[in-house]
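Read top to bottom, the protein sequences are chains X and V. Mapping to the numbering used here: the first sequence position 23 is 23, numbers consecutive. Every position in the second sequence, counted from 1, becomes a number in the numbering used here once 317 is added. The beta carbon of each residue, even a glycine, is placed where N, CA and C say it ideally should be. Worksheet: the structure to be examined is printed underneath.
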Amino acid sequence: MSRAALFIGLGLVAVAVALPSLAGPFLVFQLTQVLVYAIAILGLNMLTGISGQFSLGHGAFFAIGAYAAAIAIDTCGLGYGWALPLAGIVCFVAGLLFGLPALRLEGIYLALATFVLAVAAPQIFKLSLLEGWTGGVQGVFIAKPEAPFGLPLSGDQWLYFLVLTVGLVLYWTARNLVRSRSGRALLAIRENPVAARAMGIDLSLYKALAFAVSALYTGVAGVLSALTVQFVAPDSFTFVLSIALLVGVVVGGVGWLPGALVGGAFIVFVPNVAEDVSKGLSGAVYGIMLILLIYLMPTGVGGLVGRIAARTSRSRT
Amino acid sequence: MELFLQQALSGVATGGIYALMALALVMIFQAIRHLNFAQGEMAMFSTFIAWQLLAWGLPYWLAFVLAVALSFLGGALIGRLVFLPIRNAPVLSHIAVFVALLLIFNSLAGFIWDFSIKPFPSPFGTAPLFGGLIGAHQAGMLLVILVVVAFLFWFLRFTRIGLALRAAAANPESARLVGIKVDRMMALGWGMASAIGAVAGIMIAPVVFLEPNMMLSILLYGFAGAVLGGLSSPGGAVLGGFIVGVAENLAGTYVPVVGHELKLPIALFLIVAVLVVRPEGLFGRGTVERV
């Protein structure tokens, strides 16, 4: 990483840490949501940008994470500190189990298979058989975590810092993963599957692992989202959520991990802006903004940043 | 046995709806190699145009033809204005734009015609035929499907322009070298897909009633049908649509305990299972890629 990028990164973290004391409670809540979605988008981006697969069904893993946490907290009485890693593991396993057969499909067929996942998830959580755990259509309420150790923070602020910390750890892990041996194997699969196989990379294993890791990230985001809104219900996880995550990846830039933050901000704030422009036509305004963004930056914010960086380094030499 | 027949037949009736949607999806796939997520909303919008024309007092078939023609123009225009500039953008950007179009049409229709549920007339009437086995509208719908499939089959296989359209989608560079106007073909594909969508919407609306969200779940089934049957084969896509309809109904009737609540996921999982075994769809041709 270049020194400039490091400074920008540290500056961003400093701003992120300072924000809650400057912003009002509702803005803190919204910023927490931005971070939550950014984590989910980061997970999806690792799948799409690094291993070249894509998923229209990551909302399902978001839901699985949220429900796993809700059940762990509400039914089993565990603390949220335990629920978080537990839900992550559940999602990893779910991703692996789904990925192993589904990733034999390619392109449109994989899109359909993951789409099925997105459509099926809310209906499965609504099942009357599982009502004892999931609360059926009603959903489950979760108490908001309070700041531990007598820290002078409100619940919202504490949650913001919790999400920020988890997000930073996950981001750091993702970056290192991409640069590891496994990360290079995934890049090789994306660039040329045939050549990758010829070099001895087990395609289906690595693809499924990438899917599982990405499911884990999205699942953790689901847990944090459940804690933030203090409520889990099947209808918050329709396929619209999956599509929103995908839009976030595209806006942020496929394959550019910091873009997740931009994507998260887009899917939290732009619908609100659209609502302000016109109540009746908010969907249309959102759509037009999305189309304009794709026109101006066909490769997302990441592509734009890449081009600017390339230009400045060229002018320097 | 009687229950089975009854359920299977009612599955055929809903399957017809999915088959029509699947046809529109196959058409656009032939032209641009993408699945159009906005197809359902575009069809819904066309149906609203037909409804508006009828409300202004036009006779049914005139409104039908006008709505289909307008949809053709609108579709071609969308292809030209929205998708030509991003032709070389990655697949995911296309998906984002499809989603944007979906939102735009949904919101526009709600804004212009509001979200109340409107009845839509059927040109075939609603009398039961063959001793109550099938309704007149369903029978008419099946007829329309047959006509559209036959036309598409003939168009894509036996006309110069249909061949040019397929060539332009399969290999734009080579197609341009032999003198095919690739951009115009793309617009044509969009127009035709949109027109077929209009036909689908107008046929579907008497069954599910007209409102801006009517197409959301139908589009899902249409996708499933099209992919199951094979995206390169109009006949296969139609059959896929019927299979989805029947599978959905039978799953609801015969799978114990969870069958009724989960009939959509069960039907879809069956389809994915089929695809894992036969990835190019039941009737599609596998694509061969040069390594």
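Subject >> Interface partners of residue 541 (chain V) on chain X, CB under 9 Å >> reply: 112, 115 and 116
Original post:
At which residue ranges does the segment 431-481 of chain V contain complete alpha helix (DSSP H) runs of 4 or more residues, listed in the order of the chain?
Top reply: 453-475
Original post:
Looking at C-alpha atoms only, which residue of V:410, V:366, V:482 and V:540 is the closest neighbour of residue 347 (chain V)?
Top reply: V:482
**OP:** Just confirm the distance between the C-beta atoms of residue 253 (chain X) and residue 303 (chain X), as a whole number of angstroms; I'd bet it's less than 8 Å.
**Re:** 5 Å
**OP:** Would you mind stating whether residue 36 (chain X) and residue 416 (chain V) have Cβ atoms separated by less than 8 Å?
**Re:** no
Subject >> With 16 other Cβ atoms within 10 Å as the buried cut-off, status of residue 674 (chain V) >> reply: This structure does not reach residue 674 (chain V), given that chain V is present from 318 up to 608, and the question cannot be answered.
Original post:
What is the DSSP secondary structure of residue 127 (chain X), counted as helix, strand or coil?
Top reply: coil
**OP:** Could you name the residues that DSSP lists as bridge partners for residue 389 (chain V)?
**Re:** In the DSSP output, where bridge partners are listed per residue, residue 389 (chain V) has none listed.
Original post:
Which parts of the segment 157-243 of chain X are runs of the alpha helix (DSSP H), unbroken and 4 residues or longer, counting only runs that do not cross its ends?
Top reply: 181-191, 193-198 and 203-229
Subject >> Partner residues on chain X for residue 414 (chain V), Cβ-Cβ distance less than 7 Å >> reply: From the beta-carbon of residue 414 (chain V), the residues of chain X found nearer than 7 Å are 291 and 294.
Subject >> Three-way DSSP call (helix, strand, coil) for residue 254 (chain X) in this model >> reply: Of the three classes helix, strand and coil, the one that applies to residue 254 (chain X) here is coil, per DSSP.
Original post:
Taking C-alpha atoms, which residue in V:355, V:501, V:495 and V:351 lies nearest to residue 111 (chain X)?
Top reply: V:351
**OP:** Let me know the secondary structure DSSP gives residue 269 (chain X) once reduced to three states.
**Re:** Looking at residue 269 (chain X) - three-state DSSP - the assignment turns out to be helix.
Subject >> Local conformation of residue 140 (chain X) per DSSP, three classes >> reply: Residue state for residue 140 (chain X) is assigned as strand, using DSSP reduced to three classes.
**OP:** With DSSP as the reference, please indicate the residues paired to residue 527 (chain V) in a beta bridge.
**Re:** Beta-bridge pairing links residue 527 (chain V) to V:435.
Subject >> Rounded straight-line distance, which links the Cα of residue 290 (chain X) to that of residue 408 (chain V) >> reply: 15 Å
Subject >> For residue 72 (chain X), the nearest candidate out of X:287, X:226 and X:268 (CA to CA) >> reply: The candidate whose alpha carbon is nearest that of residue 72 (chain X) is X:226.
Subject >> Chain-ordered neighbours of residue 551 (chain V) on chain X, where CB pairs are closer than 7 Å >> reply: Those within 7 Å of residue 551 (chain V) in chain X number zero; the least Cβ separation is about 17 Å.
Original post:
Expressed to the nearest angstrom, what Euclidean distance is found between the alpha-carbon atoms of residue 242 (chain X) and residue 376 (chain V)?
Top reply: 43 Å
Subject >> Continuous alpha helix (DSSP H) stretch holding residue 20 (chain X): start and end >> reply: Judged by DSSP secondary structure, residue 20 (chain X) falls within the alpha helix (DSSP H) whose first and last residues are 3-22.
Original post:
Helix, strand or coil: how does DSSP classify residue 45 (chain X) here?
Top reply: helix
Original post:
Counting contacts by CB-CB distance shorter than 8 Å, is residue 190 (chain X) in contact with chain V?
Top reply: no
Subject >> Candidates X:295, X:81 and X:270: closest to residue 285 (chain X) by CA position >> reply: X:270
Original post:
Shorter than 8 Å from the beta carbon of residue 287 (chain X) to some beta carbon of chain V?
Top reply: yes
Subject >> Interface flag, residue 48 (chain X) vs chain V, CB-CB below 8 Å >> reply: yes
**OP:** Please list the segments of the alpha helix (DSSP H) lying wholly inside the segment 68-103 of chain X, counting only runs of 4 or more residues, in order along the chain.
**Re:** 80-102
Subject >> Buried versus exposed call for residue 423 (chain V) [16 or more other C-beta atoms within 10 Å across all chains shown] >> reply: buried
Original post:
Which residues of chain X have a Cβ atom closer than 7 Å to the Cβ of residue 410 (chain V), listed in chain order?
Top reply: In chain order: 250, 294 and 298.
**OP:** Work out the CA separation of residue 541 (chain V) and residue 57 (chain X) for me, nearest whole Å.
**Re:** Taking C-alpha positions only, residue 57 (chain X) is separated from residue 541 (chain V) by approximately 15 Å.
Original post:
Going straight from the alpha carbon of residue 259 (chain X) to that of residue 249 (chain X), what length do you get?
Top reply: 7 Å
Original post:
Cα separation between residue 595 (chain V) and residue 582 (chain V)?
Top reply: 20 Å
Original post:
Roughly how many angstroms separate the alpha carbons of residue 61 (chain X) and residue 588 (chain V), rounded to a whole number?
Top reply: 21 Å
Original post:
For residue 341 (chain V) versus residue 519 (chain V), is the C-beta distance shorter than 8 Å?
Top reply: no
Original post:
Under a CB-based cut-off of 8 Å, is residue 104 (chain X) close to chain V?
Top reply: yes
Subject >> As assigned by DSSP and simplified to three states, the class of residue 595 (chain V) >> reply: coil
**OP:** Put residue 299 (chain X) into one of helix, strand or coil per three-state DSSP.
**Re:** coil
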